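Before any comments, here is the structure.
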Amino acid sequence: MKSDVEIAQEARMQPITKIAADLGLSEDDIEQYGKYKAKISLAAWDKMKQRPNGKLVLVSAINPTAAGEGKTTTTVGLGDAFRRLGKKAMIALREPSLGPCFGMKGGAAGGGYAQIVPMEDINLHFTGDIHAVTTAHNLLSAIIDNHIQHGNVLGIDPRRVTWRRVVDLNDRTLRHIVLGIGGKANGVPRESGFDITVASELMAILCLAKDLDDMKQRISKIIVGYTYDNQAITAGDLKVAGALTLLFKDAIKPNLVQTLEHTPAFVHGGPFANIAHGCNSIMASKFALKLSDILITEAGFGADLGAEKFIDIKCRFAGFMPDAVVLVATVRALKAHGGIAKTELTKVNQKALEHGLENLKKHIENMQKFNIPTVVAINAFPTDTEEELSFVREQCKEIGVTVTISKVWAEGGAGGIELAEQLLDMFKEPKPVRFLYDETLPVKEKISVIAKEIYGAENVNYSKAAEKTIQDLNVMSLDKTPICIAKTQYSLSDDATQIGRPKAFTMTVREIRIAAGAGFLVVITGDIMTMPGLPKKTAAEMMDIDNDGKITGLF
46 MKSDVEIAQE ARMQPITKIA ADLGLSEDDI EQYGKYKAKI SLAAWDKMKQ
96 RPNGKLVLVS AINPTAAGEG KTTTTVGLGD AFRRLGKKAM IALREPSLGP
146 CFGMKGGAAG GGYAQIVPME DINLHFTGDI HAVTTAHNLL SAIIDNHIQH
196 GNVLGIDPRR VTWRRVVDLN DRTLRHIVLG IGGKANGVPR ESGFDITVAS
246 ELMAILCLAK DLDDMKQRIS KIIVGYTYDN QAITAGDLKV AGALTLLFKD
296 AIKPNLVQTL EHTPAFVHGG PFANIAHGCN SIMASKFALK LSDILITEAG
346 FGADLGAEKF IDIKCRFAGF MPDAVVLVAT VRALKAHGGI AKTELTKVNQ
396 KALEHGLENL KKHIENMQKF NIPTVVAINA FPTDTEEELS FVREQCKEIG
446 VTVTISKVWA EGGAGGIELA EQLLDMFKEP KPVRFLYDET LPVKEKISVI
496 AKEIYGAENV NYSKAAEKTI QDLNVMSLDK TPICIAKTQY SLSDDATQIG
546 RPKAFTMTVR EIRIAAGAGF LVVITGDIMT MPGLPKKTAA EMMDIDNDGK
596 ITGLF
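My numbering numbers the first residue of the sequence shown as 46 and each following residue consecutively.
Given below as structure tokens:
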């Protein structure tokens with residue numbers, strides 16, 4: 046079997062003007078980035094805003110494992126399948142971060158014959174949106190330190206500057222740093238650190254902003270630190286909201302590309318779902334809902350993170366709801382959740398499969414709490430036996446959920462026809478989707494609802510620092526916002542080693558960060574970090590480029 050990059054390099058892409066024309070967009074509505082990429086002009090919104098929204102399908106998954114699940118692959122293949130059925134479909138994905146691309150996760154453009162292209166561009170610098178986030182974030186960092194250096198009129202306490210710096214790479218050595226050393230001319234010494242760019246509040250704002258004015262207002266509310274007398278300091282106080290916003294004048298525009306089968310695809314925004322809200326931009330989604338009859342999008346990692354945040358954060362701000370959800374699983378991943386080592390996953394192990402199915406069942410139960418019509422897509426692998434596949438199908442049917450076998454990795458859109466047809470049937474019986482919690486509830490109550498209802502926790506413990514932040518939130522009237530829990534993606538719990546369906550566990554909240562501009566609270570649990578590290582053997586070691594510009598090893 047050819048590698049993902051080899052398949053992508055053999056693709057015969059259509060000019061992006063043709064893809065845009067299929068959506069009813071003229072050349073005046075797009076801004077080309079070469080022959081196969083384009084941004085959508087913000088002015089094009091006026092031409093389509095009165096159109097009705099299409100149907101919205103959310104693709105999510107079980108908790109990820111080293112075996113892989115294929116959520117993005119399913120999203121891409123499903124879009125191609127709908128197009129094969131004659132439907133006007135689009136897909137909307139997040140932009141890949143360079144950190145995991147060179148680390149261990151690889152790219153995020155799908156796989157096999159269900160990919161978006163140009164795959165190399167999308168997985169590397171693309172149209173520069175993530176670089177815009179990095180630049181704007183670090184400009185704000187520089188402004189803060191410059192203000193302190195030149196008299197500190199606002200009285201910022203250097204010990205309480207909460208705005209760190211960012212870089213779009215996995216670099217553990219930057220998690221904790223001391224800056225401003227080397228004498229008076231080099232600034233005021235203080236402790237700080239770096240996060241990965243996609244964890245920046247500015248990335249969240251880019252993905253949640255409805256337009257440039259909304260972005261500017263959100264940026265002005267960003268809390269960067271506190272004064273000596275405990276008053277919050279914002280980007281607006283530093284008078285740089287306008288300057289930061291102008292760095293997003295192009296980045297805010299959705300990026301248009303295509304799949305291997307020429308299905309139009311928006312790839313825009315890239316927040317992680319374990320440390321941010323994990324969804325592509327509202328701008329891309331609202332455009333796509335007007336331009337298509339069916340939009341297929343995904344939310345990062347498992348449904349406990351991505352899907353919950355998609356509904357309780359993104360949909361709450363955007364004003365739309367999914368019409369159906371697809372939960373992706375593989376037999377191999379289910380056996381991994383049953384406690385089997387990666388090297389043993391190709392072997393039949395009924396006991397491990399049965400135990401691992403509890404993870405899938407919990408995610409199904411969670412989607413039912415939102416009242417979303419749900420279908421399970423089993424992403425097929427050649428090593429799966431008919432007995433294993435039949436067992437998973439029967440288990441799903443016993444709890445009353447629709448299930449199908451997806452073969453989009455090997456067959457492209459043709460391998461997702463059955464899944465597409467099942468979703469078309471679901472559209473005929475719409476259900477009102479509901480939020481999990483009322484955002485005006487007390488902070489601890491909202492956290493408790495998510496922890497107990499979605500993760501299955503029995504109790505929630507809080508550090509002294511988290512307790513103090515909750516008190517401050519009440520005083521600052523910032524407590525009535527959605528909750529974004531930062532948690533390991535590998536487990537329903539906050540402990541990555543607790544695979545399957547852990548029960549009777551206690552979740553620990555060690556820190557709460559105020560994302561006043563984004564409009565939610567980031568609740569840091571367990572040992573999750575906002576700056577990942579590289580593995581012992583990195584994906585970067587497998588990559589190369591020859592003198593003709595041909596890339597190898599990218600996946």
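Glycine included, C-beta positions come from ideal geometry on N, C-alpha and C.
This one's a predicted model, so the numbers in the text were calculated from it and none came from an experiment.
Item	Value
First and last residue of the uninterrupted alpha helix (DSSP H) at M164	164 to 168
Stretch-stretch touch, CB-based, cutoff 8 Å, three pairs: the stretch 150 to 167 with the stretch 235 to 255	no
Every unbroken alpha helix (DSSP H) inside the stretch 349 to 406 [4 residues or more]	376 to 382
Alpha-carbon spacing of T290 relative to E466, whole angstroms	43 Å
Within-8 Å CB hit, N325 to chain D	Any reference to chain D falls outside this structure, which holds one protein chain only.
For I188, the nearest candidate out of G124, T279, V212, G157 (CA to CA)	T279
Alpha-carbon to alpha-carbon, A106 and K354	14 Å
The stretch 413 to 422 in contact with the stretch 360 to 375 per 3-pair CB rule at 8 Å	yes
Every unbroken beta strand (DSSP E) inside the stretch 425 to 469 [3 residues or more]	447 to 451
Classification of A386 by the beta-carbon crowding that lies within 10 angstroms, buried from 16 upward	exposed
Buried versus exposed, by CB contacts within 10 Å (16 or more), R210	buried
Nearest residue (CA-CA) to A154, options G79, L253, E343, A333	E343
Uninterrupted beta strand (DSSP E) stretches inside the stretch 262 to 304 (no shorter than 3 residues)	268 to 272, 277 to 279, 300 to 304
Rounded separation between K452 and G157 - CA only	10 Å
Rounded C-alpha distance that separates E432 from S538	30 Å
Inter-residue CB distance, G578 and R217 (contact presumed, cutoff 8 Å)	4 Å
Coarse secondary structure for S326, derived from DSSP in three states	coil
K82 CB to nearest heavy atom of the ligand FMN below 7 Å	As far as ligands go, the structure on display features none, and thus does not contain the ligand FMN.
Start-to-end residues for the alpha helix (DSSP H) that takes in N519	509 to 521
Endpoints, the beta strand (DSSP E) within which Q77 is located	75 to 77
Counted within 10 angstroms of its Cβ, other Cβ atoms place M587 as buried (16 or more) or exposed	exposed
Environment of T304 [buried if 16+ CB atoms lie within 10 Å]	buried
Close-in-space but distant-in-sequence residues of the same chain around L199 (CB under 8 Å, 5 per side omitted)	H192, T272, I278, D282, L283
Per-residue burial, K513 [other beta carbons within 10 Å of its own, 16 or more giving buried]	exposed
Three-state secondary structure (DSSP) of F415	coil
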